[in-house]
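Each step along the sequence shown adds one to the number in UniProt numbering, with nothing skipped, and position 68 is 68. The C-beta atom is built at its ideal place from N, Cα and C for all residues, glycine as well. Since this is a predicted model, take the numbers as computed values, not measurements. In what follows, a structure is listed as structure tokens, so that the remarks can point back to it.
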Amino acid sequence: MKKVIKVIFTGGTIGSAARDGRVDLDGNANRRLLEMYRAERGEGITFDCEEPVSMLSENVHEEQLHAIYTAVRVVDPAKYDGIIITHGTDSLCINAHYFSLTLCDVGLPIMLVSSLYPLEDSRQNGLENFIAAVDFIEKTDAKGVFVAFANGKLPCEIHLASRLMFCDQITGWYRSVLGQSLAVVKDGEVIFLPSPSMPTREQLAQGKKKAVVPDICRDVMLITARSLLNFSLYDFDRRAPRAVVLEPYHSDTVCTSGRNLNFKQFAEYCRERGVAVVIASVDSRANVYASAVGLPQSVICAFDECTESALTKVMCALGAGLEADAYLNDDIFFEKLQEKS
Numbered sequence: 001m002k003k004v005i006k007v008i009f010t011g012g013t014i015g016s017a018a019r020d021g022r023v024d025l026d027g028n029a030n031r032r033l034l035e036m037y038r039a040e041r042g043e044g045i046t047f048d049c050e051e052p053v054s055m056l057s058e059n060v061h062e063e064q065l066h067a068i069y070t071a072v073r074v075v076d077p078a079k080y081d082g083i084i085i086t087h088g089t090d091s092l093c094i095n096a097h098y099f100s101l102t103l104c105d106v107g108l109p110i111m112l113v114s115s116l117y118p119l120e121d122s123r124q125n126g127l128e129n130f131i132a133a134v135d136f137i138e139k140t141d142a143k144g145v146f147v148a149f150a151n152g153k154l155p156c157e158i159h160l161a162s163r164l165m166f167c168d169q170i171t172g173w174y175r176s177v178l179g180q181s182l183a184v185v186k187d188g189e190v191i192f193l194p195s196p197s198m199p200t201r202e203q204l205a206q207g208k209k210k211a212v213v214p215d216i217c218r219d220v221m222l223i224t225a226r227s228l229l230n231f232s233l234y235d236f237d238r239r240a241p242r243a244v245v246l247e248p249y250h251s252d253t254v255c256t257s258g259r260n261l262n263f264k265q266f267a268e269y270c271r272e273r274g275v276a277v278v279i280a281s282v283d284s285r286a287n288v289y290a291s292a293v294g295l296p297q298s299v300i301c302a303f304d305e306c307t308e309s310a311l312t313k314v315m316c317a318l319g320a321g322l323e324a325d326a327y328l329n330d331d332i333f334f335e336k337l338q339e340k341s
């Protein structure tokens, strides 16, 4: 019997074309993708398609996220073998985390597929990513939310959506936390990559039974630690965010000396204005640097998950009317690192 896959088109570069030096949405791109797939792999898969939104992903708002979420939620798992969501590359990372939190209990493999270039461009990786997503649905029994993405001429990697990191600013390539993807797809075969930090095949087959509600808060600020970061430039007296997520240095540190560059003073400034401050991520097993002593007492620490995961959890928690740290101790879809090598 043919496998049946639900395809939810949402636009993005994979749904666009280049004309006169400009890339924009193209009404023929969805059909072109399926034709390209069939030219490579034949007619062995039945695709049931819909397009609840059509957007360039950098323009995503809550309404589009909810429309995609709803399109997945109404799918009858008994009628399909998996779901593919085509998506733009720009906002893929945070949206992948959002769907991993809100759709991990669907009971099917949900694959996010994108392309760095339009499909008619020889540099595109959209077709390879789409083929790999179909292969993963066909040949594994994993449930949850995943990202299929090929970097350059390397085999397409399958990432846990909950561990995807922001892409490289220059190349657009994606990787997972610790540099460890779940699997690669090579010559039609899905090869799982053994790692003590990854869930087992049995855990993936069981899936997760509880997801978070789909509401999300946009009033969350992300700050990345860097040299000479002047915290005094942030003025929250006119309008304050609900939370600030700070991405520290790799050693879980941030400047705590002086005045204007002192994160401890900034954290106190936020506390006085009711702004939650989250440091993400912190290694629960690492030694603490002298400069970081006292930080866990004054701020919320997100332990053992990537910054992108913690940021999205905070946005979802506040969107649900909960405290900023409501989800940070939970392992919702394998985002917590089980072991570091």
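CB contact below 9 Å: Leu164 versus chain B
As a matter of chain content, chain B is missing from the structure shown, which is built from one protein chain.
By how many angstroms is the C-alpha of Arg285 removed from the C-alpha of Asn329?
By one-based count along the sequence shown, residue 329 stands at place 329. By one-based count along the sequence shown, residue 285 stands at place 285. Looking at the backbone, the Cα of Asn329 and that of Arg285 are separated by about 15 Å.
Per DSSP, the bridge partner or partners of Val185:
Walking along the sequence shown from the start, residue 185 turns up at place 185. In the DSSP output, where bridge partners are listed per residue, Val185 has Cys156, Val190.
Does DSSP classify Glu247 as helix, strand or coil?
Here residue 247 refers to the residue found at position 247 when the sequence shown is read from its first residue. Correct three-state label for Glu247: strand.
Going by DSSP, what residue range makes up the beta strand (DSSP E) through Phe303?
Mapped onto the sequence shown, residue 303 falls at position 303. Per DSSP, Phe303 is one residue of the beta strand (DSSP E) stretching across 300 to 303.
On the DSSP letters alone, give me the boundaries of the alpha helix (DSSP H) that Glu268 sits inside.
Numbered from its first residue, the sequence shown carries residue 268 at position 268. From DSSP, the alpha helix (DSSP H) with Glu268 extends over 263 to 272.
Can you look up Met1 in the DSSP assignment and give me helix, strand or coil?
Against the sequence shown, residue 1 aligns to sequence position 1. Residue state, collapsed to three classes: coil.
Please state the DSSP three-state secondary structure of Lys340.
As a position in the sequence shown, residue 340 is number 340, starting the count at 1. Because the pLDDT at Lys340 is just 44, under 50, the model does not fix this residue reliably, and the value given afterwards should be weighed accordingly. Lys340 falls in the coil class under three-state DSSP.
Phe263 vs Phe303 beta-carbon contact at 9 Å
Numbered from 1 along the sequence shown, position 263 holds the residue referred to as residue 263. Numbered from 1 along the sequence shown, position 303 holds the residue referred to as residue 303. Not a contact, by the Cβ cut-off of 9 Å.
Can Gly11 and Glu51 be called in contact, C-beta distance under 9 Å?
Taking the first residue of the sequence shown as position 1, residue 11 is located at position 11. Taking the first residue of the sequence shown as position 1, residue 51 is located at position 51. With contacts defined as CB atoms closer than 9 Å, Gly11 and Glu51 qualify as a contacting pair.
Less than 7 Å between C-beta atoms, sequence neighbours within five positions excluded: which residues of the same chain meet that for Ile216?
In the sequence shown, the residue the question calls residue 216 occupies position 216. Result list for Ile216: Glu62, Leu65, Tyr98, Met315, Cys316, Gly319, in chain order.
Tell me the DSSP secondary structure of Asp325 in three-state form.
For the purposes of this step, residue 325 is taken as the residue at position 325 of the sequence shown. The answer is coil: DSSP assigns Asp325 none of H, G, I, E or B.
Starting from Ala205 and walking both ways along the alpha helix (DSSP H), at which residues does that stretch end?
Sequence index remark: in the sequence shown, residue 205 carries index 205 (1-based). That run of the alpha helix (DSSP H) goes 201 to 206.
Euclidean distance between Cα positions of Lys340 and Ser281:
Taking the first residue of the sequence shown as 1, we reach residue 340 at position 340. Taking the first residue of the sequence shown as 1, we reach residue 281 at position 281. With a pLDDT of only 44 at Lys340, under the threshold of 50, the placement of this residue in the model should not be trusted, and no figure is reported.
Where in the stretch 36 to 91 do unbroken runs of the alpha helix (DSSP H), each at least 4 residues long, occur, reported from the N-terminal end onward?
For the stretch 36 to 91, the continuous alpha helix (DSSP H) assignments of 4+ residues that do not extend past its boundaries occur at 62 to 73, in sequence order.
Could you tell me if Glu308 is buried or exposed, where buried requires 16 or more neighbouring beta carbons within 10 angstroms of its beta carbon?
Residue numbering aside, residue 308 sits at position 308 when the sequence shown is read from its first letter. A buried status is given to Glu308, since no fewer than 16 other beta-carbon atoms sit within 10 Å of its beta-carbon.
Under 8 Å: do the stretch 83 to 97 and the stretch 238 to 246 share three or more Cβ pairs, one atom per stretch?
The stretch 83 to 97 is not in contact with the stretch 238 to 246.
Taking 9 Å as the threshold (C-beta atoms), are Ser197 and Leu337 in contact?
Translated into positions along the sequence shown, residue 337 becomes position 337. Translated into positions along the sequence shown, residue 197 becomes position 197. For Leu337 and Ser197, yes; Cβs fall inside 9 Å.
Between Gly44 and Lys3, is the Cβ-Cβ spacing less than 9 Å?
By 1-based counting over the sequence shown, the position of residue 44 is 44. By 1-based counting over the sequence shown, the position of residue 3 is 3. In terms of Cβ geometry, Gly44 and Lys3 form a close pair [threshold 9 Å].
Is Ser162 near Leu178, with beta carbons less than 9 Å apart?
As a working mapping, residue 162 is identified with position 162 in the sequence shown. As a working mapping, residue 178 is identified with position 178 in the sequence shown. Between Ser162 and Leu178, the C-beta gap is not smaller than 9 Å, which leaves the two residues out of contact.
Take the Cβ of Leu160 as the centre, count every other Cβ of all protein chains shown within 10 Å, and call the residue buried at 16 or more, exposed below.
In the sequence shown, the residue the question calls residue 160 occupies position 160. Leu160 comes out buried.
Taking only the alpha-carbon atoms, compute the straight-line gap between Tyr249 and Arg226 and give it to the nearest angstrom.
For this step, residue 249 is matched to residue 249 along the sequence shown. For this step, residue 226 is matched to residue 226 along the sequence shown. Answer to the nearest angstrom: the Cα atoms are 8 Å apart.
Could you name the residues of the same chain whose beta carbon sits closer than 6 Å to that of Ser186, not counting the 5 residues immediately before and after it, in chain order?
Counting from one through the sequence shown, the residue named residue 186 turns up at place 186. The displayed chain sequence assigns Lys, not Ser, to residue 186. Sequence-distant partners of Lys186 (beyond 5 residues in either direction) whose C-beta falls short of 6 Å from its own C-beta, in its chain, are Pro155.
Taking a contact to mean a Cβ-Cβ separation below 9 Å, would you say Glu40 touches Ile110 in this structure?
Numbered from its first residue, the sequence shown carries residue 40 at position 40. Numbered from its first residue, the sequence shown carries residue 110 at position 110. Pairing Glu40 with Ile110 gives a Cβ-Cβ distance that is not under 9 Å.
For Leu229 and Thr200, I'd like the C-alpha separation in whole angstroms.
Position 229 of the sequence shown, counting from 1, holds the residue named residue 229. Position 200 of the sequence shown, counting from 1, holds the residue named residue 200. Distance between the alpha carbons of Leu229 and Thr200 is about 41 Å.
Exposed or buried, what is Lys143 when buried is set at 16 or more other beta-carbons lying within 10 Å of its beta-carbon?
In the sequence shown, the residue the question calls residue 143 occupies position 143. The residue in question, Lys143, is buried, as its Cβ has 16 or more Cβ neighbours within 10 Å.
Which runs of the alpha helix (DSSP H), 4 residues or longer, sit entirely within the stretch 118 to 152?
Runs of the alpha helix (DSSP H) lying entirely within the stretch 118 to 152, each at least 4 residues long, are 126 to 139 in chain order.
What are the boundary residues of the alpha helix (DSSP H) that Leu318 is part of?
Within the sequence shown, numbered from 1, the residue matching residue 318 stands at position 318. For Leu318, the enclosing alpha helix (DSSP H) has its first and last residue at 307 to 319.
Pick helix, strand or coil for Ser227, following the three-state DSSP scheme.
Here residue 227 refers to the residue found at position 227 when the sequence shown is read from its first residue. Correct three-state label for Ser227: coil.
Name the two residues that bound the continuous beta strand (DSSP E) containing Pro196.
The sequence position of residue 196 within the sequence shown is 196, counting from 1. Segment: none, Pro196 is in no beta strand (DSSP E) and carries neither H nor E.
The ligand COA heavy atoms versus the CB of Gly188: any closer than 8 Å?
Within the structure as shown, the ligand COA is missing, as the structure has no ligands at all.
Rank Ile14, Val213, Met221, Leu322 by C-alpha distance to the C-alpha of Ile332 and give the top, closest one.
The residue given as residue 332 occupies position 332 in the sequence shown. When each option's Cα is compared against that of Ile332, the closest is Val213.
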